[in-house]
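Going left to right, the sequence shown walks through residues 59 to 484 as my numbering numbers them.
Even glycine gets a Cβ: it sits at the ideal position worked out from N, Cα and C.
Here the structure is laid out as structure tokens; the discussion comes afterwards.
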Amino acid sequence: MKPSHKERKSNKNNSTTAQGISAVLAAMRNVAEDECRRSTHDIPINAVQLESYLSTKLGGDNWSVSKADTAGVTSEYYRGICATSGQRVFVKLAKPTKGGRIQDAGLLTGASEVEFYNRLTSALDKTSTSMLGDKVHMPTSMVAESSRHRSRYVVVLEDLSPTNGANNGDNEEEKQENSKHIRFIQPVQALPTSDVKLILRALAAIHGKYWEDEDAIPSIYQKRTNRASKLVGLIIGKTIKQFRTKGGLIEPRSDTDRIIAATQRLGGIFAMDALLDALHPDLRTLVHGDCHGANIFMVEDENSNQEVGLLDWQTYFYGNPLADVASVLIMCLSAEDFAEHREVLMKYYLDALCECGIDINVTTDMLHEAVCCRTAYYLSGTLLGIAFVGMDDPERQGMLDRGWAMISRKASMLDLATFLEARLPE
């Protein structure tokens with residue numbers, strides 16, 4: 059006798075829980091093994107350790123650091139300034155608590171970003187805008203390292219925030235760099251289509267440079283996807299149970315409830331990228347993986363020439379570039395512009411990609427598949443963000459609530475529930 063739908067669902071839930079618990083135990087072992095290694099303790103996890111670390115790695119005396127206010131939820135963020143040289147840096151660290159280090163060892167997001175900066179960008183050549191491609195600005199990486207078992211990491215970048223005239227530069231190159239105006243995009247900020255075109259053009263440059271070049275992409279993303287999917291499945295499952303209530307974030311039997319349920323049955327958040335990859339196996343390149351507003355900035359020089367900058371490469375992978383394009387359309391356009399302009403903007407991206415020597419045919423159906431997969435990804439991703447932030451950070455909680463409302467509206471416009479349910483196994 060075949061198991062009933064209810065029995066199959068129960069078995070799948072039990073399997074997801076077991077895999078999640080196994081992932082937590084593995085991460086705990088990695089944290090314990092890291093703590094037994096002397097070299098692990100050279101990597102800072104708090105402000106005091108970071109000040110000493112910056113003096114050792116970058117030189118100079120009297121480094122002072124302070125917490126940085128960002129929209130990020132997966133790391134600890136600091137800004138540092140050297141009193142003797144005026145050098146300023148922005149630093150990402152693993153979370154200092156044991157629970158935070160277990161999370162880092164389980165997700166491998168910090169370790170992935172370390173590999174990205176060490177393998178794919180130049181920390182020394184400031185004369186080059188980026189190793190990624192033309193029209194893309196990357197912050198300079200001074201140091202990026204992680205512990206052996208990836209429970210601690212540190213990424214030290216140039217600080218792109220305004221300096222109010224401090225350290226105007228001792229040479230012509232520094233003066234030119236400081237004359238640039240940097241505009242940070244805010245989370246859930248709707249951008250004009252002119253800005254979105256600039257972002258898509260930058261993505262085309264990145265995608266074109268690494269088209270079908272898997273050997274150039276650090277392979278840690280594969281381990282991260284495999285390991286993180288198990289841990290994330292457990293976390294999101296618990297969050298769904300918490301917020302699936304009448305009048306709550308996930309109203310039972312609503313379209314959102316159907317979307318979340320179908321996403322889980324299809325394999326969860328990471329399965330959305332796998333689904334998109336499977337639909338179009340001939341489209342492969344370096345993918346940023348999280349192209350929303352908080353990870354994008356604009357750089358304008360004194361001649362009004364503009365470049366796009368991309369931050370937070372923790373979830374990069376080798377896969378379908380339409381994931382990045384769809385992310386921008388979903389996360390950076392108003393609902394009205396999303397409805398009216400997404401097909402025109404996709405054509406703009408394809409034209410820019412063609413200028414890079416890559417000529418592909420993307421149909422309207424392919425665009426629809428991409429935005430559906432990525433909308434499902436971001437709905438589940440918002441649940442994950444809520445779990446990481448908790449209820450004691452009202453500012454970030456408010457940001458996530460606004461993001462949830464925006465993504466839910468676009469999911470309704472796409473009839474996302476029907477799209478996902480049509481792909482469920484019999």
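Exercise. What whole-angstrom Cβ distance do L249 and L391 have, given they're in contact under 8 Å?
Worked result: Contact between L249 and L391 holds, since their C-beta atoms are separated by about 7 Å, short of 8 Å.
Exercise. Can you list, in chain order, the stretches of the alpha helix (DSSP H) that have 4 or more residues and sit fully within the region 365 to 414?
Worked result: Here the runs fully enclosed are 380 to 390 and 393 to 413.
Problem set entry | Nonlocal neighbours in the same chain, by C-beta distance under 8 Å from M404, ignoring five residues either side | The residues V383, L387, V420 and L425, in chain order, have a CB closer than 8 Å to that of M404 in the same chain once the five nearest residues on each side in sequence are set aside.
Exercise. Measuring CA to CA, which of H239, Q145, V194 and D340 is closest to H360?
Worked result: The sequence shown places Glu at residue 360, not His. It is H239.
Exercise. With a Cβ-Cβ cutoff of 8 Å, do R342 and Y376 count as a contact?
Worked result: A contact, by the Cβ cut-off of 8 Å.
Problem set entry | Same chain, Cβ closer than 8 Å to G351, neighbours up to 5 away in sequence not counted | Excluding residues within five positions, the ones whose Cβ falls inside 8 Å are I243, Q244, P245, V246, Q247, L249, M389 and C390.
Exercise. Alpha carbon to alpha carbon, how far is G367 from I354?
Worked result: Looking at the two C-alpha atoms, the distance is approximately 6 Å.
Exercise. Which residues in the same chain as T297 place their Cβ atom closer than 8 Å to its Cβ, once the five residues preceding and following it in sequence are excluded?
Worked result: For T297, where only same-chain residues beyond five positions count, the Cβ hits under 8 Å are L441, L442, I444 and A445.
For this session: Give the range of the alpha helix (DSSP H) segment to which W462 is assigned.
Result: For W462, the enclosing alpha helix (DSSP H) has its first and last residue at P452 to L472.
For this session: With a 10 Å radius around its C-beta and 16 neighbouring C-beta atoms as the bar for buried, classify T314 as buried or exposed.
Result: Buried is the call here.
Exercise. Would you call D335 buried or exposed, if buried means 16 or more other Cβ atoms sit within 10 Å of its Cβ?
Worked result: So D335 ends up on the buried side.
For this session: Check whether the Cβ atoms of S124 and Y111 sit closer than 8 Å, and answer yes or no.
Result: Going by C-beta atoms, S124 is not nearer than 8 Å to Y111.
Problem set entry | Span of the alpha helix (DSSP H) around A263 | Per DSSP, A263 belongs to the alpha helix (DSSP H) from T251 to K267.
Problem set entry | the region 83 to 95 in contact with the region 203 to 215 per 3-pair CB rule at 8 Å | Contact holds between the region 83 to 95 and the region 203 to 215, because three or more Cβ pairs, one in each stretch, are under 8 Å apart.
For this session: Let me know the secondary structure DSSP gives C349 once reduced to three states.
Result: Three-state DSSP puts C349 in coil, outside helix and strand.
For this session: Can you grab the Cα-Cα spacing for the pair G78 / C140, in whole Å?
Result: Between G78 and C140, the alpha-carbon positions lie close to 43 Å from each other.
For this session: Leaving out five residues on either side along the sequence, give the residues of the same chain with a beta carbon under 7 Å from the beta carbon of A126.
Result: The beta carbon of A126 sits closer than 7 Å to those of Y135, Y136, R137 and F148, all from its chain and outside the five residues before and after it, given in chain order.
Problem set entry | Helix, strand or coil at R357 [DSSP, three-state] | Note on identity: in this sequence residue 357 is Val, with Arg being the wrong assignment. Here V357 sits in strand by DSSP.
Problem set entry | Beta-carbon contacts of I308 that lie in its chain and below 8 Å, excluding the five residues immediately before and after | Hits under 8 Å: I298, F301, R302, T314, D315 and I318.
For this session: On a CA-only basis, which of V131, A152, T98 and N120 is nearest N104? Give me that one, please.
Result: Distance from the Cα of N104 is smallest, within the candidate group V131, A152, T98 and N120, for A152.
Exercise. Is the Cβ-Cβ distance between I327 and G439 less than 8 Å?
Worked result: Cβ distance < 8 Å, so I327 and G439 count as in contact.
For this session: Using a threshold of 8 Å, state whether the C-beta atoms of R285 and G164 are closer than that.
Result: Using a Cβ distance threshold of 8 Å, R285 and G164 count as a contacting pair.
Exercise. Taking 7 Å as the line, does the beta carbon of A397 fall inside it for any heavy atom of the ligand MG?
Worked result: Among the ligands in the structure shown, none appear at all, so the ligand MG cannot be discussed.
For this session: Pick out the complete alpha helix (DSSP H) segments inside the region 129 to 202, 4 residues or longer, and give them in chain order.
Result: Qualifying alpha helix (DSSP H) stretches, in chain order: 156 to 165 and 167 to 178.
Problem set entry | Beta-carbon proximity list for Y514, same chain, < 7 Å, skipping 5 on both sides | Nothing about residue 514 can be read from this structure; the chain reaches only from 59 to 484.
Exercise. CA-CA distance, S470 and P339?
Worked result: The straight-line gap from Cα to Cα measures roughly 28 Å.
Problem set entry | One or two residues paired with E270 in a DSSP bridge | Bridge partners of E270: none, in fact.
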